Every structure is written in structure tokens, then in C-alpha cells.
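Below is one structure, written out as C-alpha cells; comments come after it.
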Amino acid sequence: MSRTGSIINGPGLYRSKGELLLMRDEFSATQAEDCFWQAVEMARKQSAKSWELRATTSLARLLAREDRNGEARTMLAEIYNWFTEGFDTADLKEAKALLNELSRCP
Numbered sequence: 003m004s005r006t007g008s009i010i011n012g013p014g015l016y017r018s019k020g021e022l023l024l025m026r027d028e029f030s031a032t033q034a035e036d037c038f039w040q041a042v043e044m045a046r047k048q049s050a051k052s053w054e055l056r057a058t059t060s061l062a063r064l065l066a067r068e069d070r071n072g073e074a075r076t077m078l079a080e081i082y083n084w085f086t087e088g089f090d091t092a093d094l095k096e097a098k099a100l101l102n103e104l105s106r107c108p
């Protein structure tokens, strides 16, 4: 914790919890989605764009798995298009690959 009592790297913790829930069983998707949304919102409040990208990528992957491709593509494109450099990083490469995959799906 920081001196203000806030959790350090909260977006990362919520994203990790969501990923772990998905690994546990297929019935945890709703809980995982809630964790991903919490991570996205927390990252936005902190203006932590890299964490927002990671959380949104996880969320978009889950939404695509549930046949919510349009919603997934829209939200991922919004954060991906915010970036103007760093396209050789693993996070942006992963997001781009998922966007390309979502663009091929109806």
C-alpha cells in the first residue's frame, strides 16, 4: 500500500484475478468480466494507459469468446488507437493481433 492507503497496481491485480478465474473454470466468466472492468476503470482513473490496454485486451478476449465481437473490437480499438508509439511492445502487438482477429469475425 502507498502512504495514502491505495493499492499499488490495482489494475494489474484485478486483471490477474480475472485471468485466474478463467483458468479455474468456465463458469467464472461473469466474475472474470467484473474483474476486467474493475481493472479498466481503475487504470482510467489513474491515467495508466498501459494497464488499461492490458485489461481491455483481456476483457476483449473474453467478450469474443462469448460472441460479443463488435463490443470487443470497439473497446479494444479505442484504447489501441490512443497509442502513437511503442508498437513493437508485446502488449501492443497482442492487442493488434486480437483486433485483426476480431475484424475477421462478424
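If you use my numbering, the sequence shown corresponds to residues 3 to 108, in order.
For every residue, glycine included, the Cβ atom is placed at its ideal position computed from N, Cα and C.
Computed from a predicted model, the values in this text were never measured in an experiment.
Straight across, the Cα-Cα distance linking Gln48 with Glu54 is about 9 Å. Excluding the 5 residues flanking it on each side, Arg56 has same chain C-beta neighbours closer than 7 Å at Arg17, Asp93, in chain order. Bounds of the alpha helix (DSSP H) holding Phe38 are 31 to 47. Within the model, the alpha-carbon separation for Ile81 versus Asp27 is close to 28 Å. Membership of Asn71 in the alpha helix (DSSP H) is indicated by the continuous run 71 to 82.
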